[in-house]
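Please read the structure below before turning to the comments.
Protein chains: 2
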Amino acid sequence: MSEGFSFTVSATDAGARAGVIETPRGDIRTPAFMPVGTAGTVKAMLPENVRATGADIVLGNTYHLMLRPTAERVAALGGLHHFMNWPHPILTDSGGFQVMSLSKLRKLTEEGVSFQSHIDGSKHMLTPERSIEIQCLLGADIQMQLDECPAIPIEEEKARTSMLLSVRWAERSKRAFEEKSQPGQALFGIVQGANYEALRRESLEKLMEIDFPGYSIGGLAVGEGREEMFRVLDFTTPHMPAQKPRYLMGVGKPADIVGAVARGVDMFDCVAPTRSGRHGQAWTKAGAINIKNASFADDPEPLDPESPCPASRDYSKAYLHHLFRAGEYLGPMLLTWHNLQYYQELMAGMRAAIATGDFAGFVAEFRAATGETVL
Amino acid sequence: MSEGFSFTVSATDAGARAGVIETPRGDIRTPAFMPVGTAGTVKAMLPENVRATGADIVLGNTYHLMLRPTAERVAALGGLHHFMNWPHPILTDSGGFQVMSLSKLRKLTEEGVSFQSHIDGSKHMLTPERSIEIQCLLGADIQMQLDECPAIPIEEEKARTSMLLSVRWAERSKRAFEEKSQPGQALFGIVQGANYEALRRESLEKLMEIDFPGYSIGGLAVGEGREEMFRVLDFTTPHMPAQKPRYLMGVGKPADIVGAVARGVDMFDCVAPTRSGRHGQAWTKAGAINIKNASFADDPEPLDPESPCPASRDYSKAYLHHLFRAGEYLGPMLLTWHNLQYYQELMAGMRAAIATGDFAGFVAEFRAATGETVL
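Same order as they appear, the protein sequences are chains A and B. With the working numbering applied, the first sequence covers 1 to 375. With the working numbering applied, the second sequence covers 1 to 375.
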């Protein structure tokens, strides 16, 4: 494990864990939700307000940043933290997932992925080594190995071939990271294997042999559904090392997160609160609502009168409705802020419940309030 | 003058004045710049950050608000201040100017203006009485009479006919205001007469007979150019009552404002800082720049390292450039904030210079720094 990077589990409650990841840039309280700052900004948010919601860390997307403004430019400007005015921890993905979903004319080989930018058609090659080089140029505190992330369903033989490629890329990523990284930065390996128990176990074992300070669970939340995702977690997380953080990539909606925390996951990221907020969806303690619905046009109540968050507390639903109807910037700004606050309060609530040994009570309350199936 | 509303000139320097308008909702330091909050929001700004720039008052647009969400709905929701979370003074226009520039199938008669909404084609009638009714439903602290605002150039006879209609509407507006308004609210008459000295004098004299607690100068900044606007001010403001605030509507760029303050104007509003900010233009102490220019792609300097405003101080031009190139919300958010800060610092600088009797020095410095012609 890198010096300056550590993880301590301070409480467990059945499968759920609460703890803290220490990094040179600050602590990350777990279970942690990381707002997504794709292109060097959590969309429609001032960074001081992202922080005010209780976020300890944000995520940046290697694919987007390597294309624009480019990793070399960010490095020349003092690194991603300085660039985006976020002095706290940053996690970056490897770029692999978004290359496969966003770029044009991509071609995957043993060496890596060649592709054309979706922005200007320019040609690029992303290898395990180049991904690490980019993440180090950005200065990410927590970095991801390049992996291949196949869709589910996939035949087991194909899933194994893909998983073994990801393992080979994990080894190359680690070697590159050892060359390029700064003290206190950490590289996570990514467990793949689709929804096959044997493959997830094999992937995990091989990654543990390489040895990483944290392990991500990739290849989920790709359309397989909540129940299937939980089934995969059920046969994966129990075998993951207890003393290392576990990061479920790209997850999820509140009920996904609560269920995954119950299964021992420590870290999450998802565009749901920000993207939904920009489109008028707000999470509330009673579930999700669409503020554009006509029923809110005369609603004088704020989204959460008890909240410390101005976005949740200081504006009526009628006003938010008006802002979305009028196409005003402030609508997405306020609903994004509110949703991030909701997510961070959800995480804080789970951390507190785990600490006091009442996670089951938390889940029961969440289920009763939102009507969501969790477990 | 309405009880609870007063204006005190605390210092003069040649033609320029510094003072304070007291209202039940707070003081307005003059010369004052009022950010425009068209549809109940200063676009792309959190209201707490509008306030933090030093804004004492914002402007709301009657035309927009009467159509959506409607004045009756705003009133039912507690008034515009509560609706938009801005507890400080609000000035509203009469709606007349925007009816003529934005609506469809408008028809002007002695009674008022009938028109169709640009949003949904619905039919409306705006009379002096209805305009005041709407402004009172919104709860505006400073309200405007309905007027007609002809373009320049216009023949003198037509300009006089129009000006006399505005005077008759001023009388009707005042009667309606006396019926509907709350203590401490104020109604301003609007001086018209295009660029004809005799008409401006006649308009002003007739309005002063009706007697208002403040006078607006309308019908300028409609394409006549800075020099012509200053010429009109030169023969208008010296005749305006010294003890009443003077509001130059819809003005302007920084150099317009500095020149108008030199001519004795106390209040301004303009979409320039907000609209330009959304389109990538930033005012700086050295003049205006377009942050989208490629020359800023690698510029590590913030817009103003000495500024107390986070938007001006905490982000490099390279980052702002990136945000605009990537189409991120945060670009318009930060540049709007920066521009409003610039405008408020400009006003504060003029107030301080007038108080110390060095307005000429302020103007000379402004001219030297920006290269703008002012006087």
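Glycine residues also receive a C-beta, built at the ideal position from the N, C-alpha and C atoms.
Check, Outcome
"Span separating the alpha-carbon of V9(B) from that of L138(A)", "55 Å"
"C-beta contact flag for R263(B) and D234(B) at 8 Å", "yes"
"Residues of the stretch 84-118 of chain B with Cβ closer than 8 Å to any Cβ of chain A, in chain order", "M84, N85"
"Reference R278(B); option with closest CA among L335(B), S295(B), I190(B), A75(B)", "L335(B)"
"Closest Cα partner of D13(B) within the set L108(B), A353(B), R201(B), L59(B)", "A353(B)"
"CB contact check: L46(A) to chain B, cutoff 8 Å", "yes"
"Listed by chain order, chain A residues near S10(B) by CB distance under 8 Å", "Neighbours of S10(B) on chain A: none; closest Cβ ~34 Å, over 8 Å."
"Beta-bridge pairing of C309(A) - partner residues as DSSP gives them", "Answer by DSSP bridge pairing: none, since C309(A) is not bridged."
"Neighbourhood of P254(B) by C-beta, 8 Å cutoff - its chain only, sequence neighbours within 5 removed", "W283, Y342, Y343, L346, F366, T370, E372"
"Test item: CB-CB of E328(A) and T41(B) under 8 Å", "yes"
"Chain A residues whose Cβ lies nearer than 8 Å to that of P332(B)", "Y329"
"Range of the contiguous beta strand (DSSP E) that encloses E22(B)", "16-23"
"N293(A) classed as buried or exposed, judged by whether at least 16 other C-beta atoms fall within 10 angstroms", "exposed"
"Any 3 or more C-beta pairs closer than 8 Å across the stretch 236-253 of chain B and the stretch 171-180 of chain B", "no"
"CB contact flag (A198(A), I154(A), <8 Å)", "no"
"Among T274(A), S166(A), S173(A), nearest to Q192(A) - alpha-carbon criterion", "S166(A)"
"Best match in S316(A), R106(A), P89(A), A11(A) for proximity to G96(A) [C-alpha to C-alpha]", "R106(A)"
"Neighbourhood of M125(A) by C-beta distance below 7 Å, restricted to the same chain and skipping five residues each side", "G112, S114"
"S36(B) - partner residues in DSSP beta bridges", "The question names Ser, but residue 36(B) is Val in the sequence shown. L59(B)."
"Whole runs of the alpha helix (DSSP H) within the stretch 234-270 of chain A, excluding any shorter than 4 residues", "254-262"
"Enclosing alpha helix (DSSP H) for Y342(B) [first to last residue]", "330-355"
"For D27(A), the residue or residues it bridges with in DSSP", "E22(A)"
"Span separating the alpha-carbon of Q141(A) from that of D298(B)", "According to the sequence displayed, residue 141(A) carries Asp and not Gln. Their Cα atoms are separated by approximately 24 Å."
"Residue environment, A18(B), which counts as buried when at least 16 other CB atoms sit within 10 Å", "buried"
"Other residues of its chain near E3(A): CB distance less than 6 Å, five sequence neighbours each side excluded", "P183"
"Beta carbon proximity, D304(A) to chain B, threshold 8 Å", "no"
"Three-way DSSP call (helix, strand, coil) for M106(B) in this model", "Looking at the sequence shown, residue 106(B) is not Met but Arg. Of the three classes helix, strand and coil, the one that applies to R106(B) here is strand, per DSSP."
"Backbone CA spacing between V20(B) and M144(B) [nearest angstrom]", "19 Å"
"Where the alpha helix (DSSP H) through Q135(A) begins and ends", "128-138"
"Contacting positions in the stretch 289-315 of chain B - beta carbon closer than 8 Å to chain A", "A297, D298, P300, P310, D314, Y315"
"Assigned exposure category for E129(A) - 16 Cβ within 10 Å defines buried", "buried"
"Contact set between A318(B) and chain A, taken where Cβ atoms lie within less than 8 Å", "P69, R73, L77, F83"
"C-alpha gap between Q116(B) and S103(B), whole angstroms", "6 Å"
"Which of helix, strand or coil DSSP assigns to T373(B)", "coil"
"Nearest-angstrom beta carbon gap, G252(B) and A272(B) [assumed within contact, 8 Å]", "7 Å"
"Per-residue DSSP class, three states only, for V9(A)", "strand"
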